[in-house]
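Reviewing the structure listed below.
2 protein chains.
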Amino acid sequence: MLETELEQHRNRLRELLGDSRVSWEPSQLQAHKRDTWFLNVYRAVHGRLTSVPLAVVFPETTEHVQEVVRYALAHRLPVVPYGGGSGVCGAIEPSARAIVLDMRRMARIVEINEHALYVRVEAGKMGESLEEELRAAGFTSGHFPQSIALSTVGGWLNTRAAGQYSTRYGNIEDLVLGFNVVLPDGRLLCFPPRVRWASGPDVRQLFLGAEGTLGIVTEATLKIFPLPESALFQSFSFPNMATGLEAIRQIVRNGWRPAVVRLYDAVESARHFPQASSGSDCLLLLISEGPGALTAAEAAATAGVCAGLGGESRGIEPVQRWLEERNRVPTFESFIDKGVVVDTIEVSATWDRVARLYDQVVAALQRVPGVLVASGHSSHSYPQGTNIYFTFAARPFSPELGEQTYLDCWRAAMEATLQAGGSVVHHHGIGRVRKAWLGHELGEALELLRALKQALDPAEILNPGTLLPER
Amino acid sequence: MLETELEQHRNRLRELLGDSRVSWEPSQLQAHKRDTWFLNVYRAVHGRLTSVPLAVVFPETTEHVQEVVRYALAHRLPVVPYGGGSGVCGAIEPSARAIVLDMRRMARIVEINEHALYVRVEAGKMGESLEEELRAAGFTSGHFPQSIALSTVGGWLNTRAAGQYSTRYGNIEDLVLGFNVVLPDGRLLCFPPRVRWASGPDVRQLFLGAEGTLGIVTEATLKIFPLPESALFQSFSFPNMATGLEAIRQIVRNGWRPAVVRLYDAVESARHFPQASSGSDCLLLLISEGPGALTAAEAAATAGVCAGLGGESRGIEPVQRWLEERNRVPTFESFIDKGVVVDTIEVSATWDRVARLYDQVVAALQRVPGVLVASGHSSHSYPQGTNIYFTFAARPFSPELGEQTYLDCWRAAMEATLQAGGSVVHHHGIGRVRKAWLGHELGEALELLRALKQALDPAEILNPGTLLPER
Chain F
605 MLETELEQHR NRLRELLGDS RVSWEPSQLQ AHKRDTWFLN VYRAVHGRLT SVPLAVVFPE
665 TTEHVQEVVR YALAHRLPVV PYGGGSGVCG AIEPSARAIV LDMRRMARIV EINEHALYVR
725 VEAGKMGESL EEELRAAGFT SGHFPQSIAL STVGGWLNTR AAGQYSTRYG NIEDLVLGFN
785 VVLPDGRLLC FPPRVRWASG PDVRQLFLGA EGTLGIVTEA TLKIFPLPES ALFQSFSFPN
845 MATGLEAIRQ IVRNGWRPAV VRLYDAVESA RHFPQASSGS DCLLLLISEG PGALTAAEAA
905 ATAGVCAGLG GESRGIEPVQ RWLEERNRVP TFESFIDKGV VVDTIEVSAT WDRVARLYDQ
965 VVAALQRVPG VLVASGHSSH SYPQGTNIYF TFAARPFSPE LGEQTYLDCW RAAMEATLQA
1025 GGSVVHHHGI GRVRKAWLGH ELGEALELLR ALKQALDPAE ILNPGTLLPE R
Chain C
605 MLETELEQHR NRLRELLGDS RVSWEPSQLQ AHKRDTWFLN VYRAVHGRLT SVPLAVVFPE
665 TTEHVQEVVR YALAHRLPVV PYGGGSGVCG AIEPSARAIV LDMRRMARIV EINEHALYVR
725 VEAGKMGESL EEELRAAGFT SGHFPQSIAL STVGGWLNTR AAGQYSTRYG NIEDLVLGFN
785 VVLPDGRLLC FPPRVRWASG PDVRQLFLGA EGTLGIVTEA TLKIFPLPES ALFQSFSFPN
845 MATGLEAIRQ IVRNGWRPAV VRLYDAVESA RHFPQASSGS DCLLLLISEG PGALTAAEAA
905 ATAGVCAGLG GESRGIEPVQ RWLEERNRVP TFESFIDKGV VVDTIEVSAT WDRVARLYDQ
965 VVAALQRVPG VLVASGHSSH SYPQGTNIYF TFAARPFSPE LGEQTYLDCW RAAMEATLQA
1025 GGSVVHHHGI GRVRKAWLGH ELGEALELLR ALKQALDPAE ILNPGTLLPE R
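Chains as they are written, first to last, in the working numbering: chain F, 605 to 1075; chain C, 605 to 1075.
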């Protein structure tokens, strides 16, 4: 883009929205050039992520969003919505022509309906702030992604987020009752809260997980829950992952829904719970929430299942420790400084496949040259199966091999997951890191998704480059 | 269509599929010219539903379905999928050029996965037959629409069905893990079972509730549940609907999920439960299912809520009676014979609106000239609200006014629902009877739905005339 054209767009955006809502300060452009995908952090640290967007816009109303989208469409400029920037799959990588929409000034709670149990909130609201305000009113969102201090409501919808308490409260698609979304032509769709969608195809689902490629979510209506009457903590030790997974399977199969169900393999048990772990056992954490009579019955039943499989109680301390530490993670930069590449990879499978999947993905990661450690835990369980959340760290044999080693690890994990019959994604989204595998995941439905994109956004202005693989 | 052209299509279909799979016997054409929408039953009884389809095809494989769709596309013939014919909204009304696909020969159970709790079943499987086979293996589908003896798995997906036990087990969109669907161009999409959809927009949702307008479902993977360890029955009497609704609200708000939660107004309580009803009170039926410790805790807690609101126990007998009688309904013909028009209309609303909605819809129906009775019950509850399932009967002032009286009742109920801020549909679908109100329900999203239809089925061969209103 010519400098003069670039300047024209910037000035025109200021005329449209006001000076205070449009910035091209270098620090702002730098701050919005990526999310928290490891590879782009790595590239940035090494000076290899140099492209910055045209401008950052800070809309304060839905109309601001509509104006930007209409302007972008008229001039064929990409529009990239930006929430907390905490995404880990590379959905945010604006080109030099792109307008980034930083949604965080749209952070009002519009309504808390205490009788019908929902909150209407603008899309730029940060998760922790939302939860604090709900708690002050006696409620919870039930949605606790690890990123809760770093992510926005809009980001949750765009990535199909899952929270740590999902086994009782549900994932974001279970929690969303409605939302407002600006389409690629600037029109606004408003989906009011419904107790159940029954009026034909649930077209709302097109926007959940679309990573900003089909619309810009400006407001959401989410379920809320009265703060639970009681919460009971338990932990159990199992000799291996397969036995721990079988315990979870029996618990959910029997109709129990502990809010938190987390099973760590031996490596992660020793890492996170050194006092409770023998070094070779696998730790299962359980939190039951709800009415006192329910949690008492659930805790007794889950303890019975664990005991029946040889699980040994490790008390409440590991759960307390997890609650304190759960959202503290070292920065990617701290690993990069030590010459180490790392990442987390979440996948899922049905119960008949998941124990084998765990073994095969860990083995595949361990075979990648340079890998130091590969481990995993299950954190979101269902009657049909569970997810495994893998973590790997590798020291490339030479600095030039850093990106290659990282990508080799991803390829190994994705291919082993597919071979084991799993799904290559559980809740981080597709972004850029997974898009090469979206076709394996969707099959012919990938063409359907392309057709929907073509129907809604024929000019391809909304967040190009994420989600959909190149042809 | 010229007679010779009609003959050519029939003969060509037989060449493609074999003689035994294509029929134009008058009895078959008559049997497939409508579903169980009251108005088309009424028209048929009065000799005013004369159009019959071109042919009825009985596919036995997915490939048969693909061949028919490709043939239809090549010749621009409508294709109408037909399950049990139990739909009550008029989704089935094939034109004289249409090919009806009777799916009921595709009725195999492909797999019962007892470990990962799912069943793969062909779309033409009848509900009762599926449930019987699952029970023989120790499982249940958890899905009990009143039509279970008359409806197919494919029909459930196409209408977004809800079962009588939905408050614990979920509606069909919660129960479906995957499916196969033939697109309007003959391609097959296969969605394998996933514990959670996390790979971008959930494109599967486009086909749930599409009433055959976007694809032909040929196989589905549904959740199954081990038969519950225990079931506890309770019933309570409340002085009015508002108090009974408040009891349900508190029960689900507190985190309890009884499988069955049904509240009948005074008219229906007296009609269905004459021994338990005083004639002016409203009866609440509850069934708790699950592990014994869970149902015991749930039954005690729900009894406590009811007592706290002045509810009086009516014991287990009304529940037993409901279980025996629940799927027995008089035929529409029996009313038509008496010169009476009748129907049921299910809508939903959030808790802050539903008591007023109940009052206003009943009042609106009672104001329609000729109405004899208007009543309602709540049968599917959620933390955010519930449905109301209205029933009306009217005696038109003259036989010529039959259709008009019927349509006036529908209009009164739909408009009162919208005025009360409710959703005009809960689980019967849109069909032809509701399509005039789909725009009120969807707003701008109606144009989105039209764009999706255009993208997937530009020739408009799949079940034209249902769901989408005329422009």
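Where a beta carbon is used, it is the ideal one built from N, C-alpha and C, also for glycine.
- Here F/Asn615 is exposed, its C-beta having fewer than 16 other C-beta atoms within 10 Å.
- Going by DSSP, F/Asp963 is part of the alpha helix (DSSP H) stretching over Trp955 to Arg971.
- Annotated as distal: C/Leu658 and C/Tyr686, with beta-carbon spacing of 9 Å or more.
- Here F/Lys942 is exposed, its C-beta having fewer than 16 other C-beta atoms within 10 Å.
- Using a C-beta cut-off of 8 Å, the segment 985 to 998 of chain C makes contact with the segment 933 to 947 of chain C, since at least three inter-stretch Cβ pairs fall below that distance.
- F/His613: not part of any beta strand (DSSP E); member of the alpha helix (DSSP H) spanning Glu607 to Leu621, first to last residue.
- Excluding five sequence positions before and after F/Ile1065, the CB atoms of its chain that fall closer than 8 Å to its own CB belong to Val673, Ala676, Leu677, Arg680, Leu681, Pro682, Val683 and Pro788, given in chain order.
- Sequence-distant Cβ neighbours of C/Leu621 in its own chain, meaning closer than 6 Å and more than five residues away, are His668.
- The residue from F/Ser834, F/Glu902 and F/Thr825 with its alpha-carbon nearest to that of F/Gln854 is F/Glu902.
- By the neighbour-count criterion, in which 16 or more other beta carbons inside 10 Å mark a residue as buried, C/Ala911 falls on the exposed side.
- Along the segment 967 to 999 of chain C, the positions whose C-beta sits under 8 Å from a C-beta of chain F are His984, Tyr986, Pro987, Gln988, Gly989, Thr990 and Asn991, read in chain order.
- Among the CB atoms of chain C, none fall inside 9 Å of the CB of F/Cys910.
- About 7 Å separates the beta carbon of F/Glu815 from that of F/Gly1035, a gap short enough to meet the 8 Å contact definition.
- In terms of Cβ geometry, C/Ser770 and C/Gly731 do not form a close pair [threshold 9 Å].
- Beta-bridge partners of F/Tyr868 (DSSP): F/Leu887 and F/His981.
- A distance below 7 Å between beta-carbons, with the five flanking residues on each side excluded, links C/Leu610 to the following residues of its chain, in chain order: Leu658.
- Shown here, F/Asn762 sits in a helix according to DSSP, grouped into three states.
- Residues of the segment 802 to 827 of chain F that bring their beta carbon within less than 9 Å of a beta carbon in chain C comprise Ala802, Ser803, Gly804, Pro805, Asp806, Val807, Arg808, Gln809, Leu810, Phe811, Leu812, Gly813, Ala814, Glu815, Thr817, Leu818 and Lys827, in sequence order.
- Secondary structure of F/Thr906 (DSSP, three-state): helix.
- As the crow flies, the alpha-carbon of F/Arg925 is around 8 Å from that of F/Phe877.
- Within the model, the alpha-carbon separation for C/Pro796 versus C/Gln988 is close to 31 Å.
- Under DSSP, C/Asp947 forms a beta bridge with C/Phe996.
- Between F/Phe811 and F/Val821 a beta carbon distance of about 6 Å is seen, short of the 8 Å cut, so the two are scored as contacting.
- Under DSSP, C/Gln838 shares a beta bridge with C/Leu890.
- Residues of the same chain with a CB within less than 6 Å of the CB of F/Trp1041, apart from the 5 flanking positions on each side, are Met1018 and Val1028 in chain order.
- Between the alpha carbons of C/Gly813 and C/Val692 lies a distance of about 14 Å.
- 9 Å or more divides the Cβ of C/Val649 from the Cβ of C/Glu1007.
- Fully enclosed alpha helix (DSSP H) runs of no fewer than 4 residues occupy 1006 to 1023, 1042 to 1046 and 1049 to 1060 of the segment 985 to 1070 of chain F, in order along the chain.
- Annotation: the continuous beta strand (DSSP E) that includes F/Ala659 extends over Ala659 to Val661.
- The continuous beta strand (DSSP E) containing F/Val704 extends over residues Ile703 to Asp706.
- The C-beta separation of C/Thr763 from C/Ser834 comes to about 32 Å, leaving the pair out of contact by the 8 Å criterion.
- If you draw a straight line from the Cα of F/Leu889 to the Cα of F/Ser1002, it comes to about 39 Å.
- Interface residue (Cβ-Cβ distance to chain C less than 9 Å): F/Gly943 is not classified as such.
- According to DSSP, C/Glu916 shares a beta bridge with C/Ser841.
- Excluding its 5 nearest sequence neighbours in each direction, C/Glu697 has C-beta neighbours in its own chain below 7 Å: Arg638, Asn644, Arg1036 and Gly1069, listed in chain order.
- Exposed is the label assigned to F/Ala967, since fewer than 16 other Cβ atoms lie within 10 Å of its Cβ.
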